[in-house]
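One structure is given below, encoded as structure tokens.
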Amino acid sequence: MNFIQRQLQTAVNNITQWCNNNGFAISTCKTAGVHFCRKRNLHLDPEIKLYGEDIKFVNEIRFLGVIFDKKLSFLPHVKQLRKKCESALNILKVLSTTAWGADRVSMLKIYRATVLSKLEYGCTIYGSARKSVLQKLDPVHHTALRLCSGAFRTSPVKSLYVECCEPALELKRQMLSLHYYFKIQSNSNHPFHDFKLRPFLIRLQNAKRSFIPVFFTRVQDILNDINLLHLHVTPEPKSNFPPWGIPVVQFLNPFKTFIKSDTAGIIYQQIFIEHRQEYNDFIAIYTDGSKSSDHVSFAVIFPNTTFSFKLHPSCSVFTAEIAAVLLALEKISDCLERKFLIYTDSLSVLESLKSFYIHSHHHPLVLNVLHLLNKLASRDFNILLCWVPSHVGIVGNEEADKAAKLASTQTNSTVPLTDFKKYTKFLFYTKWQRQWDTETDNKLHSVKPHVQPWPSLTTRKADTLLTRLRVGHTRYTHRHLLFGEQTPMCSQCNCSILAQHGQIYGSCATKPNSNSNSDSTTRSSPPITNLLNSSSPSVAPVSEEALASTDFTDFKPVSNRKKLKKNSPIKTNNTISEKISISYTTSHREVPNSMTIKDNISTHQSAMKPSVIAKPTSVDTELLPMAVLPPLEKVLLQSRESDADAEMSSSSLSEEDALEYDMSEDLEDSPASPPPSSKPQKGDKYKNSLAKNGSCAIKPQTTNQPIHEPTRTFHSLDLAICSPTLLPLLNFTVGSDLCNSDHFPIIVSYADSGGGAIQYPPRYLFQRADWGNFMQLADITESMVSTADITEAVQNVIDCLITAANNTIPKCFPRLRKFRRPWWNEACRDSRREEKRLWNIFRRYPTTENHVAFKRAKALARRIRRRSQRESWINFSSITSSTSSKQLWKRVKAANGIYHEFSFPVLNTGNAKHSDPLDIANTLGHAFAQVSATDSYSPAFVAIKSRAERTPLRFTSRNTLPYNSEFRMFELETALSRAHDTSPGPDGITYNMLRHLNTTSLSHLLFLFNRIWTEQKYPSQWHEAIVIPILKPGKDPSNPLHYRPIALTSCLCKTFERMVNARLVFELERQGCISPLQSGFRRGRTTFDNLVLMETQIRNAFVRRNHLVSIFFDIEKAYDRTWRYGILLTLFNFGFRGNLPIFLRNFLSRRTF
């Protein structure tokens, strides 16, 4: 252990020194170590120092999404994974029941994407855990399959697997392990490509069977089990094409104007004869591939020779077709002639060769064909490719097809990776089929003897009934297993009722009563009262204008509130509107029997004199003369305050967004003179409460305090509280009329839209765009991009695109969208109006008859709303296989409560608190800028930085380097095709606009990019960015340092960056500048590589009975504190010169946001 401690301390010191020399700082609180050891006796952890502090050692740590414990049992990871997956199963529960909801195909699609993907990540690593540990994940899989299929709870799990055509988790783990292993074998540049254990480690593992072997040994056992040790994957070529030198292949198609199903064969033959007459000086070569159930082969027909070979049965017909073209090229390279024309009936092969530079994943034989074509072109060969239709009587193609079917000579046994994955899946399903064949006693086996997917019925209830009948487990036959009861007996023949061979009635000849409830699907499901994860709070009436464009989703609920009645459909959790708590002062007069405010709503309104409303867009309190009412009516009204009036006010909420607020009274007497200042103690208490809850204190618009003439007392707002989001949206005023009460009405009004209301910027609605007209209007001319100033040329392009977009693409309304209730319909509105009418009658004439009538109307309205809610949710969740993927995932996100709105709270910088939106933006911007400022570095690094930056980096070069050449059109097309739709930058241009440019505009845009590249100038518009702060998970929202800045830059700039990055990465990979252990941002590499390396080292240490100590570092603000001059210095030392490093230097300098 002392030796390990010394070695680790030396390594930590070296890492710390490297961080100090490059401006990085390691977080001491997040850095931790794990002492991996299987010894049970007491052993001490090493003492490692970091910046003079001891590194803490923990029993488990999360690394790349997988939790490693000190004994590598993966039990903590499995427990955490099960907890996360059980939570994700809720989306399946709300989208479907046994009687309604999404169909089985859609449910399985949602399950695979939301739950199964979590189980599959890292399964190649944690799959090495003990069987007892991995079995903890099986209930998640089984529960999900029951929810998807609607099977009864007692259904056998093997029946669930076959019914849903979803294998067990163990088979999936083995399948994914093989896929990852063969992916490594196909990449000859992978560090694990030639991985082999040392012989003594193999002997140790064979001698100690209790130790779990490493990943590669486990894979060999799986290969041996399915008899795949003799088969090898086709390796990818070691050398790839440079981004600026990808060959562009064009092929001939004289039949493109004809439809094969509508054209006679004789027409195709005549067209082919005319084609051969045009290219009679080219030697014709015919290729074809053939595939049957157990035979895959290809053939090549030369004028005097025929070649035909067999491939492995797992190969696809595409592999056979491309192998035939590759063999033809190999034979051509040995010929003396120079003109050849290769005919193939596989249009997919020709399209793959043509669009090779667009796709990121390539077939290895396609790469070989392109390399050979490029090589033959350099030797002055003129080779053309042509497509011909199959089976139309073209002689050469028919001969190639016949020769391919009769091929008997076996060629090499390597299989491409894409075919290998399909073949391994077939082998595992065959293994699963053999296991299912042994389940002869299973009731489903007699109905479904083969493992294959079955179509599901569109009606969820019918599909559930059919599933339960096929499985043989229903509520009628197996309900007793859930309650621990005896097997039910037939009342007529006294025999047990069991499901045998798919029959629900067993051996009894007498059928049960047809009216009996034999399944759970016939029972009515409980009513759904909370559809959109937001309740319908008790609110005061709100005018339509006040809330037409305001979103109150960022309000916080008041904690001290009374619950609504049990039968009320209005819930109190997670309301869509946040409370505005107002504490105000009134006169010294008190009403002895004052009404208690329930649900934080004041609903009193005078029947003698209405309250004064300042604006038609106000939210005001209602006052009732409680002192003049009889005792009985007082009690009735008080009981109704949080119930009936809340029901009355919900109509406006159901139709428009509503504001729910709370008033907490603070009564202070004041004489006829101006009121004295508040006590410091009370002010401190309010100040601390605001800071703690992240709220804002708002003062009234006018400083004049209303005065009550009879008592000569002042009445003023003492405190008004709301969230920072509502601060610019609302006005708080106090009415001057008491309305026969001792409280002045407090009016909360919506601010005018021109008075600083926060609005989201309008977005383009691309689904309604007129792209044909856009293509004509967005005409980038040569004069636009040929101006002397690069910045002016870029601005001309921006103006042209934005003008065309504004004329052809509609925009959404800039105001916030209304949050409507999708279940609110005409019946709900009519019943609500009737309830409100009877409430008004009862309020004016509080008699027992009117109270009963109101209660009946209230119950009827509640029943109608619940029925409407249920029907609306059933229609919403009725997802079928015909539903588009976009609509499916839109509904899943809505049902799962995934929303993107976020309210910035009060920011606390230590010295001051900021609640104004402009102050919040400036505070966050200052915090982001300070992270990468010079004063954030240590004094030692500042000295190193100042000394190094005195030496200028001269990237100019007279040599012509290939990566500095001008960009070609296919590089621009590749960059646009691989770009995902993201938010636009400051210029407002999106990738959709760039993709719909015509060929002339694209060529002029490429000319502009080449000007920027060769003139080595950078447009000033591309230095700007829009920064969106995103709160880090689990962090304090009031701390500005807990936000992650997301920069939105110009899509024009990002397109050019993608083109430059392709050249930079290629050169770095070609020169070997990147460490082979780095997996991020590299093609063909994943995080599994580092996880496998980590697990392999630990397993080898265990089998050798050694200690393994690992330190996991966390670098603070690594991306923000990256030394830009250090990046350029590294490129300079790698030998980069010319346009590429100069563009990067311009890109990294003078960035603003």
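If you're matching positions, the sequence shown starts at 1 in UniProt numbering and goes up one per residue. Don't be surprised by glycine CBs; every beta carbon is placed ideally from N, CA and C. Predicted model, so just to flag it, every value in this text is computed and none were measured.
Uninterrupted alpha helix (DSSP H) stretches inside the stretch 1095-1144 (no shorter than 4 residues): 1124-1134
Please state whether DSSP places residue 1027 in a helix, a strand or coil. Residue 1027 sits at position 1027 when you count from the first residue of the sequence shown. DSSP places residue 1027 in strand when its eight states are reduced to three.
Residue closest to residue 1027, alpha-carbon to alpha-carbon, out of 431, 922, 452 and 936: Taking the sequence shown and counting its residues from 1, one reaches residue 1027 at position 1027. It is 922.
Is residue 530 helix, strand or coil when you go by DSSP? Sequence index remark: in the sequence shown, residue 530 carries index 530 (1-based). At residue 530 the pLDDT is 37, less than 50, meaning the model places this residue with poor confidence and gives no usable figure here.
Every unbroken beta strand (DSSP E) inside the stretch 354-425 [3 residues or more]: 382-387
Should residue 1154 and residue 150 be called a contact, given that it needs their Cβ atoms to be closer than 8 Å? Residue 1154 is absent from the model: the chain starts at 1 and stops at 1153.
Does the separation of the CB atoms of residue 355 and residue 363 fall below 8 Å? Taking the sequence shown and counting its residues from 1, one reaches residue 355 at position 355. Taking the sequence shown and counting its residues from 1, one reaches residue 363 at position 363. In this structure, residue 363 does not lie closer than 8 Å to residue 355 by Cβ.
Which listed residue (11, 91, 45 and 404) has its alpha carbon closest to that of residue 897: What you label residue 897 is simply residue 897 of the sequence shown in a count that begins at 1. It is 91.
How many Å lie between residue 652 and residue 1054 at the Cα? Taking the sequence shown and counting its residues from 1, the one referred to as residue 652 is at position 652. Taking the sequence shown and counting its residues from 1, the one referred to as residue 1054 is at position 1054. Caution is warranted here: a pLDDT of 35 is assigned to residue 652, below 50, making its placement in the model unreliable, and the coordinate value is therefore given only provisionally. C-alpha separation (whole angstroms): 46 Å.
Quick check on residue 1004: does DSSP put it in helix, strand or coil? Taking the sequence shown and counting its residues from 1, the one referred to as residue 1004 is at position 1004. In the structure shown, residue 1004 sits in a helix (DSSP, three-state: H, G or I).
Buried or exposed: where does residue 59 fall if 16 or more other Cβ atoms within 10 Å of its Cβ makes it buried? Along the sequence shown, read from residue 1 onward, the residue named residue 59 stands at position 59. Label assigned to residue 59: exposed.
Spatially closest choice to residue 177 from 299, 222 and 271, by CA coordinates: Reading the sequence shown from its first residue, position 177 is the one you call residue 177. Comparing Cα positions, the closest option is 222.
Does DSSP put residue 735 in a helix, a strand or coil? Locating residue 735 in the sequence shown gives position 735, where the first residue counts as 1. Residue 735: coil per DSSP, three-state reduction.
Give the range of the beta strand (DSSP E) segment to which residue 939 is assigned. Working through the sequence shown from its first residue, we reach residue 939 at position 939. Residue 939 -> not in any beta strand (DSSP E); alpha helix (DSSP H) instead, spanning 939-948.
For residue 163 and residue 467, believed in contact at Cβ under 8 Å, the rounded distance: Residue numbering aside, residue 467 sits at position 467 when the sequence shown is read from its first letter. Residue numbering aside, residue 163 sits at position 163 when the sequence shown is read from its first letter. With a Cβ gap of about 6 Å, residue 467 and residue 163 count as contacting.
Reference residue 212; option with closest CA among 68, 15 and 1103: What you label residue 212 is simply residue 212 of the sequence shown in a count that begins at 1. Looking at the Cα atoms, 1103 is the closest of the given residues.
Taking residue 94 as the reference, which of 292, 875, 80 and 192 has the closest Cα? For this step, residue 94 is matched to residue 94 along the sequence shown. Measuring from the Cα of residue 94, the nearest candidate turns out to be 875.
If contacts are defined as beta-carbon pairs under 8 Å, then residue 1161 and residue 794 qualify, I think. What distance do you get, rounded to the angstrom? Outside the displayed span of the chain (1 to 1153) sits residue 1161, for which this structure offers no information.
Can you pull the DSSP bridge partners for residue 1034? For the purposes of this step, residue 1034 is taken as residue 1034 along the sequence shown, with counting starting at 1. Its beta-bridge partners do not exist; DSSP assigns none.
Selection from 238, 233, 834 and 143 that minimises the alpha carbon distance to residue 856: Locating residue 856 in the sequence shown gives position 856, where the first residue counts as 1. Considering only alpha carbons, the answer is 834.
Do the stretch 883-891 and the stretch 115-131 touch if we need at least three Cβ pairs shorter than 8 Å? no
Sequence ranges, beta strand (DSSP E) only - wholly within the stretch 1043-1094, length at least 3: If we require 3 residues or more, the beta strand (DSSP E) runs fully inside the stretch 1043-1094 come out as 1043-1048.
Which runs of the beta strand (DSSP E) spanning at least 3 residues fall entirely within the stretch 854-925, listed in chain order? none
Length at least 4, wholly inside the stretch 38-90: the alpha helix (DSSP H) runs in chain order: 75-88
Among all the DSSP beta bridges, which residues are the ones paired with residue 289? Within the sequence shown, numbered from 1, the residue matching residue 289 stands at position 289. Looking at the DSSP assignment, residue 289 forms a beta bridge with 298.
Kindly give me the distance between the Cβ atoms of residue 320 and residue 296, rounded to whole angstroms, as I take these residues to be in contact under 8 Å. Residue mapping note: residue 320 aligns to position 320 of the sequence shown, counting from 1. Residue mapping note: residue 296 aligns to position 296 of the sequence shown, counting from 1. Going by Cβ atoms, the distance from residue 320 to residue 296 rounds to 5 Å, so yes, they are a contact pair.
Helix, strand or coil for residue 346? Go by DSSP, reduced to three states. Locating residue 346 in the sequence shown gives position 346, where the first residue counts as 1. Residue 346 falls in the coil class under three-state DSSP.
Quick check on residue 185 - is its C-beta less than 8 Å from some C-beta in chain B? Checking the listed chains, one finds no chain B in this structure; it contains a single protein chain.
Taking DSSP as the reference, what is the three-state secondary structure of residue 446? Working through the sequence shown from its first residue, we reach residue 446 at position 446. In this structure, residue 446 counts as helix in the three-state DSSP scheme.
Starting from the Cα of residue 245, find the closest Cα among 961, 1138 and 1086 and give me that residue. The count along the sequence shown starts at 1 and reaches residue 245 at position 245. Among 961, 1138 and 1086, the Cα nearest to that of residue 245 belongs to 961.
Should residue 279 and residue 301 be called a contact, given that it needs their Cβ atoms to be closer than 8 Å? For this step, residue 279 is matched to residue 279 along the sequence shown. For this step, residue 301 is matched to residue 301 along the sequence shown. Against a cut-off of 8 Å, the Cβ pair of residue 301 and residue 279 comes out as no contact.
On the DSSP letters alone, give me the boundaries of the alpha helix (DSSP H) that residue 481 sits inside. Position 481 of the sequence shown, counted from the first residue, corresponds to residue 481. Residues 475-483.
Rounded straight-line distance, which links the Cα of residue 125 to that of residue 66: Indexing the sequence shown from 1 puts residue 66 at position 66. Indexing the sequence shown from 1 puts residue 125 at position 125. In a straight line, the C-alpha of residue 66 is about 8 Å away from that of residue 125.
For a quick check, are the C-beta atoms of residue 231 and residue 415 less than 8 Å apart? Translated into the one-based positions of the sequence shown, residue 231 becomes position 231. Translated into the one-based positions of the sequence shown, residue 415 becomes position 415. Closer than 8 Å, so yes.
Just the Cα atoms here: how many angstroms apart are residue 1151 and residue 917? Walking along the sequence shown from the start, residue 1151 turns up at place 1151. Walking along the sequence shown from the start, residue 917 turns up at place 917. Computed Cα separation, rounded: 24 Å.
Terminal residues of the alpha helix (DSSP H) in which residue 149 lies: If you number the sequence shown from 1, residue 149 lands on position 149. Residue 149 -> alpha helix (DSSP H) spans 138-149.
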